[in-house]
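Asker: Structure incoming, see below.
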Amino acid sequence: MEFPYTRNRILRQSSAIRDLVAEHRLHANDFIVPLFIIEGENIQEEIPSMPGYYRMSLDKIEAEVKELWQMGLKSVLLFVKVPDALKDNSGTEALNDDGLMQRSIRAIRAAVPGMLIMTDVALDPYSSFGHDGIVVEGEIINDATNEVLAEMAVSHARAGAQFVAPSDMMDGRISMIREALEAEQFQQTGIMAYSAKYASTFYGPFRDALDSAPGFGDKKTYQMNPANGREAEREALMDVTEGADIIMVKPALMYLDIIQRLRSKITHPIAAYQVSGEYAMIKAAAQKGWLNEEAAILESLLAIKRSGADLIATYFAKDAIKLLKNM
Ligand code: PBG
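Going by the numbering used here, the first residue of the sequence shown is number 3, and it counts up by one from there.
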């Protein structure tokens with residue numbers, strides 16, 4: 003049929019019909035909330051390059067997770083800021099069963115028993131070099147790093163984490179972690195693999211938040227080249243084979259084609275991480291009055307979902323919930 007017998011605007015004429023035929027919807031169940039945790043008490047410090055987002059001490063985090071749970075947000079992804087004095091080249095503090103991460107897991111579990119706790123597994127916040135692996139003569143050593151990552155994952159599981167999220171991009175770490183979890187009887191612990199993690203400049207504000215910027219060089223020998231798409235398939239398929247439960251693409255908005263591509267190749271859930279730089283861009287433009295913040299938040303999240311992501315780690319989770327409630 004031709005115009006005037008096909009009129010696409012019929013399905014756009016009112017919010018009722020638009021809502022009825024919407025192909026995608028945002029929901030509280032879509033979101034994973036990243037949390038930045040620091041030592042101390044009663045501390046809530048704003049991250050300068052992430053206005054409206056905070057590092058919090060554990061007492062504040064307990065209140066925060068209770069609020070998240072009330073809002074219907076049921077999963078958190080934990081990151082800790084490690085004091086310089088505890089950093090070294092082998093991630094010793096990462097394995098401390100009484101370290102900040104491990105204490106945080108236990109505290110959140112006690113505060114909100116139902117909360118799904120996911121933890122970042124990577125050496126960079128613990129590394130005196132700010133790299134995701136052990137450094138030997140300026141190189142990031144793959145296999146020795148995997149050994150530490152596996153122990154770190156077990157330590158998190160022992161503290162009560164249900165999911166570990168390796169964000170390091172070493173080769174073979176998923177199978178090493180899976181084997182270590184099995185060996186320690188953690189058959190229920192899930193792995194959310196940062197499979198297609200790009201060497202992105204959009205992690206800048208996060209590195210401010212955790213004081214984890216690389217001390218020398220960059221992360222291009224382990225994180226992916228933004229030029230590559232096929233390679234993301236190889237990474238994701240490898241992680242699935244090695245035993246990952248959820249596959250992640252990161253950053254999100256600049257890599258929607260990667261999300262879509264992986265969606266057509268694998269049946270596992272796909273997570274997208276709307277990273278700190280994506281948050282900062284929207285915040286900065288909104289502060290200048292150049293963008294409508296609320297509309298930008300919802301549009302960006304919806305676009306990520308439309309591309310094929312099943313879940314989204316985002317610093318906008320609370321904002322999104324409030325906006326969705328008012329719609
Ligand atoms: C560390 C890690 C990074 C992020 C998550 N885990 C930074 C990096 O790889 O340098 C970035 C998250 C963000 O920018 O929001 N392994």
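The C-beta atom is built at its ideal place from N, Cα and C for all residues, glycine as well.
Put LYS221 into one of helix, strand or coil per three-state DSSP.
Answerer: Here LYS221 sits in coil by DSSP.
Asker: In the DSSP assignment, find the unbroken beta strand (DSSP E) run with GLY54 in it and report its ends.
Answerer: Note, GLY54: beta strand (DSSP E), 52-59.
Asker: Looking at the structure shown, is SER129 part of a helix, part of a strand, or coil, going by DSSP?
Answerer: DSSP places SER129 in strand when its eight states are reduced to three.
Asker: Of the residues GLU64, GLU95, ASN144, which one's Cα is nearest the Cα of ASP170?
Answerer: Residue ASN144 is the option with its Cα nearest to ASP170.
Asker: What are the boundary residues of the alpha helix (DSSP H) that PHE38 is part of?
Answerer: Careful: PHE38 lies outside any alpha helix (DSSP H), inside the beta strand (DSSP E) at 33-40.
Asker: Which value, in whole angstroms, describes the spacing of the CA atoms of ALA30 and ALA322?
Answerer: In a straight line, the C-alpha of ALA30 is about 8 Å away from that of ALA322.
Asker: For my contact list, PHE131 and ASN98 are in at a C-beta cut-off of 8 Å; report their separation, rounded to the angstrom.
Answerer: Not confirmed; about 19 Å, so no contact.
Asker: Heavy atom of the ligand PBG less than 6 Å from the Cβ of ASP126, yes or no?
Answerer: ASP126: yes, Cβ under 6 Å from the ligand PBG.
Asker: With SER266 as the anchor, note down where its alpha helix (DSSP H) starts and where it stops.
Answerer: Premise fails: SER266 is in no alpha helix (DSSP H) and is neither H nor E.
Asker: Under three-state DSSP, which class holds SER197?
Answerer: Strand.
Asker: From the DSSP output, which residues share a beta bridge with THR121?
Answerer: Answer by DSSP bridge pairing, in chain order: LEU80, VAL166.
Asker: Here's the rule: buried if 16 or more other CB atoms are within 10 angstroms of the residue's CB, otherwise exposed. What is GLY140?
Answerer: Classification of GLY140: exposed, given that the 10 Å Cβ count is below 16.
Asker: Assuming the contact rule is C-beta atoms closer than 8 Å, VAL123 and ALA155 should be a hit. Round their C-beta distance to whole Å, please.
Answerer: With 8 Å as the limit, VAL123 and ALA155 qualify as a contact, their Cβ atoms being about 5 Å apart.
Asker: Going by the CB atoms, is the gap between GLY93 and TYR56 shorter than 7 Å?
Answerer: Result no, Cβ atoms of TYR56 and GLY93 do not sit closer than 7 Å.
Asker: Here's the rule I'm using: 16 or more other beta-carbon atoms within 10 Å means buried, otherwise exposed. How should LYS285 be labelled?
Answerer: Buried.
Asker: Say whether the segment 196-209 touches the segment 162-177, bearing in mind that this needs 3 or more beta-carbon pairs closer than 8 Å, one atom from each stretch.
Answerer: Touching, yes, given that three or more Cβ pairs across the two stretches are closer than 8 Å.
Asker: Using the DSSP secondary-structure output, state which residues sit across from ASP173 in a beta bridge.
Answerer: Note: ASP173 sits in no beta bridge, so no partner.
Asker: Near ALA119, which residues of its chain fall below 8 Å by C-beta distance, leaving aside the five closest residues on each side in sequence?
Answerer: According to the sequence as given, residue 119 is Ile; it is not Ala. Cβ neighbours of ILE119 beyond the five flanking positions: SER77, VAL78, LEU80, ILE107, ILE110, ARG111, GLY162, ALA163, GLN164, PHE165.
Asker: Can the beta-carbon of VAL277 be found closer than 7 Å to that of PHE204?
Answerer: A contact, by the Cβ cut-off of 7 Å.
Asker: Please classify ALA297: is it buried, with 16 or more other beta-carbons within 10 angstroms of its beta-carbon, or exposed?
Answerer: Flag for ALA297 reads exposed.
Asker: What's the C-alpha gap between ILE260 and SER266?
Answerer: Their backbone Cα atoms lie some 10 Å apart in a straight line.
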